[in-house]
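For my numbering, add 2 to where a residue sits in the sequence shown, where the first one is 1.
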Amino acid sequence: MSGGYPNLLKRRASSMMKLAERLLHEGEYDLAVLNAEYATQLYIKSLLYRLSGEEWRGHSVRTLLGALALVAEENGLKRVAERIYDYVRRSRRILAELDEAHTRSIYGVFEYSRGQAETLVSAARSIIKLVKEIEDDVFRGGS
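Here is the structure:
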């Protein structure tokens with residue numbers, strides 16, 4: 003698939019993740035979490051586009067990871083799909099919290115604490131790392 007759109011999404015994801023880190027250090031925990039969640043979405047969507055040629059809508063990281071696993075299966079990448087399913091099974095709670103962060107960080111009546119924000123930013127980093135590894139495996143011959 004064309005590299006333009008996925009690269010744009012990855013560049014935006016990288017910028018949002020850097021912003022999340024900066025906001026975390028500045029004590030802007032809600033905005034740090036929001037940007038980390040958005041960065042995660044965009045990175046997953048970039049790989050979904052590369053594998054399927056389709057633009058993906060939606061905001062749920064869990065749903066996007068599930069879609070990525072299904073698209074991987076459809077492309078004959080069974081081990082990749084299993085790796086994603088395994089990650090989702092092991093990370094259900096934090097993935098649910100990251101999904102909730104999309105709305106809570108903007109409209110919630112409570113603010114995120116430093117510890118909560120650090121946990122969610124770290125989770126976003128972990129998901130992006132997983133997706134990058136999968137992308138490298140798939141497109142550089144590792145899988």
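Idealized CB from N, CA, C, for every residue including glycine.
Could you work out which residue in the options is closest to residue i when comparing CA atoms only?
i	options	result
R64	A103, N77, E57 and H27	A103
L50	R142, K134 and G143	K134
R14	L44, T121 and V111	L44
G6	R52, R106, H61 and G110	R52
Y109	D32, M19, P8 and R59	D32
L21	S115, R142 and A38	A38
Y115	E30, S124 and A98	Per the sequence shown, residue 115 should be read as Ser rather than Tyr. Nearest of E30, S124 and A98 to S115, Cα basis: E30.
S16	H27, I46 and R91	I46
T105	K12, S48, L26 and S62	S62
H27	E57, D88 and E120	E120
Y87	R142, K12, I136 and L11	I136
G143	S107, L79, W58 and E75	L79
L132	L25, G60 and V90	V90
A71	G60, R59 and R85	R85
A98	V111, L67, G117 and W58	L67
Over what stretch of residues does the alpha helix (DSSP H) that includes residue i continue unbroken?
i	result
F112	No alpha helix (DSSP H) holds F112; DSSP gives it neither H nor E.
E76	V63 to E76
R142	First-last for R142: undefined, no H or E at that position.
G60	Unbroken run through G60: none, as it is neither H nor E.
G6	G6 to E28
S93	Looking at the DSSP string, S93 is not in any alpha helix (DSSP H), and its letter there is neither H nor E.
E39	Y31 to S54
Give the C-beta separation of residue i and residue j to the nearest angstrom, bearing in mind that I take them to be a contact with Cβ-Cβ under 8 angstroms.
i	j	result
V2	V82	Here the chain has residues from 3 to 145 only, and residue 2 is not among them.
A126	A41	6 angstroms
I130	M19	7 angstroms
S48	P8	4 angstroms
E23	V123	7 angstroms
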